[in-house]
Each structure stands twice: as structure tokens, then as C-alpha cells.
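Here is the structure we will look at, set down as C-alpha cells.
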Amino acid sequence: MLQSLMGAGFFPPLSYIIINVDPIAVRLGPIAIHWYGLAYVVAISIGLIVLFRWTRKMGIHQDQIWSLFFSIAIAALLGARLYFVIQQPDLVQNYLLNPINIIAVWNGGLAFFGAIFGGILALALLAPRYGLSRWIAIDGGALFAAVGQIFGRFGNIVNGDITGYALTKGQIQLPPGVCASSPCISYVSDPHILPWAFVYAHRDSFAQLFTPFQPAPVYEMIVNLIALALLWPLRERLPRLKAGYFFVLYLAFYAIGQFVVFFYRGSEPATPFLGISGLRQAQWTAIFVFIACIPLFLIVRRYSAPWTYTEEHPTAWPPVGAGPSPAVSLKQAAAARATNSAGSTKVAAQPAEPITNLPPWQPGSSSGGALRNQLGH
Numbered sequence: 045m046l047q048s049l050m051g052a053g054f055f056p057p058l059s060y061i062i063i064n065v066d067p068i069a070v071r072l073g074p075i076a077i078h079w080y081g082l083a084y085v086v087a088i089s090i091g092l093i094v095l096f097r098w099t100r101k102m103g104i105h106q107d108q109i110w111s112l113f114f115s116i117a118i119a120a121l122l123g124a125r126l127y128f129v130i131q132q133p134d135l136v137q138n139y140l141l142n143p144i145n146i147i148a149v150w151n152g153g154l155a156f157f158g159a160i161f162g163g164i165l166a167l168a169l170l171a172p173r174y175g176l177s178r179w180i181a182i183d184g185g186a187l188f189a190a191v192g193q194i195f196g197r198f199g200n201i202v203n204g205d206i207t208g209y210a211l212t213k214g215q216i217q218l219p220p221g222v223c224a225s226s227p228c229i230s231y232v233s234d235p236h237i238l239p240w241a242f243v244y245a246h247r248d249s250f251a252q253l254f255t256p257f258q259p260a261p262v263y264e265m266i267v268n269l270i271a272l273a274l275l276w277p278l279r280e281r282l283p284r285l286k287a288g289y290f291f292v293l294y295l296a297f298y299a300i301g302q303f304v305v306f307f308y309r310g311s312e313p314a315t316p317f318l319g320i321s322g323l324r325q326a327q328w329t330a331i332f333v334f335i336a337c338i339p340l341f342l343i344v345r346r347y348s349a350p351w352t353y354t355e356e357h358p359t360a361w362p363p364v365g366a367g368p369s370p371a372v373s374l375k376q377a378a379a380a381r382a383t384n385s386a387g388s389t390k391v392a393a394q395p396a397e398p399i400t401n402l403p404p405w406q407p408g409s410s411s412g413g414a415l416r417n418q419l420g421h
């Protein structure tokens with residue numbers, strides 16, 4: 045049936061995919077806006093939308109999240125970049141001897157394990173300052189990461205900075221006129237090449253040109269989608285059992301996914317360790333992270349507590365004594381903000397009722413007669 049539909053023109057034949065797209069989306073004089081950066085903007089935006097909906101149901105105020113967000117984002121970015129740098133085989137020559145390359149994220153290079161490590165550390169240190177337990181804050185960070193990382197991989201697809209194994213020993217010849225100008229994404233049917241391979245054709249691509257590669261970022265997106273599908277129904281249930289369980293489960297899933305996906309990654313060299321030479325740095329990290337999830341689970345079980353706050357009974361924010369009483373639900377607070385933004389009606393001050401039930405003034409009386417004389421009573 046499928047073959048007949050393909051023959052009738054309803055579907056294109058299986059083919060390798062040509063990507064001829066400039067990694068720079070827009071040039072504004074000396075300023076270059078990269079697809080990689082735009083992908084992360086989309087990833088962060090969608091991650092925040094999901095996170096705010098979750099925190100509202102968990103009884104956490106938006107102000108608490110915004111107070112943490114920028115510090116956590118900086119810590120995660122620094123962690124991702126530094127962890128990428130220390131994995132590079134040319135660490136000394138290209139980075140330590142040329143420090144400007146350490147911050148050159150526009151040339152590609154962020155390791156998500158590093159973002160997790162940096163984000164966890166920052167959340168653990170800062171969350172109590174904003175009225176949150178470390179464990180529920182880390183659960184929220186895991187949800188944000190599980191959603192956002194899927195969209196961030198689109199930047200890697202355009203860049204070509206993450207590739208799988210090369211499927212040919214050298215370059216291939218594209219059919220004349222196919223995807224000759226940028227931007228263009230096309231396909232070519234070739235029974236000798238993996239049907240879903242990526243072939244990069246733009247001169248500024250990070251990948252070797254006209255070489256079919258395993259689409260490693262797509263594999264990673266698929267693994268991330270599977271993990272998110274498994275985690276999604278548990279995002280509110282697990283914190284009710286113990287805050288922190290959701291994060292541990294996310295970390296275990298991510299470690300398994302990275303271990304599997306990196307078997308198809310050709311852009312990173314193998315890292316011999318413990319007499320094993322076939323694994324890469326990220327795979328070794330994934331192994332140790334997965335093992336660490338066992339004691340981490342026990343720590344959460346021992347020291348964490350169920351998260352009991354809800355949208356109707358939120359956390360106390362601002363802290364008691366630092367502002368208005370927080371003893372209202374998030375729905376009531378939102379309604380109050382909407383009313384205030386639409387304008388408020390001033391209530392005229394009402395005159396005090398005269399006091400008429402006081403006894404007559406007598407000299408030396410302890411009933412405050414002198415004060416009544418001053419007030420005209």
C-alpha cells in the first residue's frame with residue numbers, strides 16, 4: 045500500500061536530506077543572529093510556559109521563579125560551556141592558550157550535562173532564599189530542561205555541529221541544480237545511502253560538506269521525546285510523594301538516552317578509560333550519573349518531604365513581615381492584580397461618630413475628662 049502511494053506521488057521516496065542553510069539567520073551590520081541562538085530562545089520560552097503552568101498548580105508564585113531564573117540560566121550556561129571545553133582533545137592548544145575561545149559559544153559547543161550540573165548547584169544554593177525547598181526547585185528545573193532541550197536541538201541540525209557517523213569515506217556528488225542556493229532543504233533518493241542521512245551543503249556549516257551523516261541530533265530529539273512522554277504524567281504526582289523524585293527520574297532517563305545516542309555520534313572522539321576504549325566522554329559521564337541516581341534517590345527519600353502546597357493553598361510569598369499577607373490563593377491574587385490594573389475606586393473618608401456615652405466631667409476624674417475638654421466634648 046505504501047509503495048503504491050509513493051509511486052502515485054503522494055509521498056516522496058526515501059532519500060538523504062540536503063541541508064543548505066546558513067547558520068546565521070540574520071545579519072544586522074556587525075551583529076549576527078544565529079539559528080542556534082534562536083533555537084535556544086524558543087526552547088527557553090516554551091520551557092518557561094510549561095514551567096509557569098506547573099508552578100501555579102504547585103502553589104508557587106511567579107515572583108519566586110523570576111527571582112531564581114536569571115541566576116540559574118547563567119549558571120547553566122556557564123556549566124554547559126565549561127563542561128564542553130574540558131572534554132575537547134585540543135583543550136590546551138585551542139582553549140587554555142587562547143582563552144577567548146572558552147567563551148566563543150557562537151562557534152558552537154554546549155554540553156547539556158554541564159548545564160544540568162551548573163543548574164543543580166545554583167538551585168540548591170539559591171532556592172531557600174526565595175521560600176522554596178531545594179528539592180521542589182530542582183524538580184521544576186528538571187521539567188524545564190526536559191521540555192526545552194527538545195527544541196534546542198533544531199539549532200544543532202542547522203549548524204551541523206553535532207553529527208553522527210559519516211556513511212561514506214568521502215564526499216558525494218549531488219544531482220545538478222538540487223539545493224544549489226541557500227536557504228534550501230531538499231532530498232535525493234539513493235538506495236546506497238541511509239534514507240534519512242543528513243548532507244550539509246552550505247560553506248559555513250560546521251559539518252564536513254557533501255558527506256552523508258547519521259542525524260545524531262534527530263536521534264537525541266527522539267530519545268528526549270520518549271523521556272518526556274514517560275515523565276509528563278508524573279510531573280505533579282511525584283512531588284506529592286517526595287519533592288525530588290521527579291528530578292532523579294529525569295536524570296536517570298537522560299543518562300540512559302545519552303549513553304545510547306552517543307553510539308551514533310561521530311563528532312566526538314572516544315575516551316579510553318578503565319581499559320575500555322570504545323566509549324565517549326559523555327557516555328562515561330552518563331554511566332556515573334546513572335549510578336549516582338541510586339544514592340541520590342535514597343537521599344531524597346530520607347531528607348525530602350511531600351510537597352503539599354497547591355494553587356488554592358500556595359507558599360508564603362513574600363515572606364511574613366516583608367509585605368502583604370500571602371494568605372490568599374493564586375487565583376485570588378491574580379484576580380486582585382487584574383482589578384488593580386483596571387483601576388481602583390477611591391473611598392471617601394467617613395467622619396467619626398461622636399462619642400455620647402461618656403459620664404460628665406469631674407475634676408480629678410480618671411475617665412480622661414481633660415482630653416474631652418480639648419476635643420470640645
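Residue numbering for the sequence shown follows the working numbering, beginning at 45 and increasing consecutively. Glycine included, C-beta positions come from ideal geometry on N, C-alpha and C. Owing to the predicted nature of the structure, the values given are computational and were not obtained by experimental measurement.
Listed in chain order, the non-local C-beta contacts of F297 below 6 Å within the same chain comprise A271, local neighbours out to five positions each way being set aside. Comparing C-alpha distances from I338 to each of R178, F291, A168 shows the shortest one belongs to F291. Within the segment 98-143, no run of beta strand (DSSP E) at least 3 residues long lies entirely inside it.
The three-state reading of DSSP puts G208 in strand, counting E and B together.
Positions of the beta strand (DSSP E) runs, each at least 3 residues long and wholly inside the segment 189-277, are given as 228-232, 242-244 in order along the chain. Spanning the alpha carbons of G153 and H357 requires a straight line of approximately 43 Å. Residue burial is scored here from C-beta neighbours: G158 has at least 16 other C-beta atoms within 10 angstroms and is therefore classed as buried.
By the criterion of at least three beta-carbon pairs nearer than 8 Å, the segment 172-182 is not in contact with the segment 122-136. Note that the C-beta distance between Y294 and A190 is below 7 Å. Taking the Cα positions, Y353 is about 29 Å away from L269. In terms of Cβ geometry, D183 and P283 form a close pair [threshold 7 Å]. Residues P67, I68, A69, W150 of the same chain have their beta carbon placed closer than 7 Å to that of H78, with the five preceding and five following residues left out of the count. Per DSSP, V292 is one residue of the alpha helix (DSSP H) stretching across 289-305. For I77, there is no enclosing alpha helix (DSSP H); the enclosing beta strand (DSSP E) covers residues 75-78. Counting the other Cβ atoms within 10 Å of the Cβ of Q258 gives 16 or more, which makes it buried.
Distance check between G81 and each of Y308, N203, Q217 places N203 closest, using alpha-carbon atoms only.
The alpha carbon of A171 has as its nearest neighbour, out of A336, R100, Q108, the alpha carbon of Q108. For L72, the uninterrupted beta strand (DSSP E) run begins and ends at 68-72, by DSSP.
Annotation for Y347: no beta strand (DSSP E) segment contains it, though the alpha helix (DSSP H) segment containing it runs 325-347.
The segment 246-262 and the segment 209-219 touch, with no fewer than 3 CB-CB distances between them shorter than 8 Å.
Taking C-alpha positions only, R100 is separated from I164 by approximately 21 Å.
Between the beta-carbon of V267 and that of V232 there is about 27 Å, and that puts the pair past the 8 Å contact cut. Assignment of beta-bridge partners to A314 by DSSP yields R324. Beta-bridge pairing by DSSP links N145 to no other residue.
Annotation for Y60: the continuous beta strand (DSSP E) segment containing it runs 60-64.
If you draw a straight line from the Cα of R197 to the Cα of S111, it comes to about 27 Å.
Annotation for I194: A87, M265, N268, L269, L272 place their beta carbon closer than 8 Å to its own, counting only its chain and skipping 5 residues before and after. A straight line joining the alpha-carbon of G322 with that of F306 spans about 11 Å.
For the pair L253 and V222, the Cα-to-Cα distance works out to about 15 Å. As DSSP reads the structure, R309 sits in a beta bridge with G208.
Taking all protein chains in view, the Cβ of K286 is crowded by 16 or more other Cβ atoms within 10 Å, so the residue is classified as buried. For Y174, the secondary structure class from DSSP, reduced to helix, strand or coil, is helix. With respect to the 7 Å criterion, Y60 and V243 are classified as neighbours on the basis of their beta carbons. Here P350 has P283, R284, L285, K286, A287 as same chain residues with Cβ atoms under 8 Å from its own Cβ, once five neighbours each way along the sequence are excluded.
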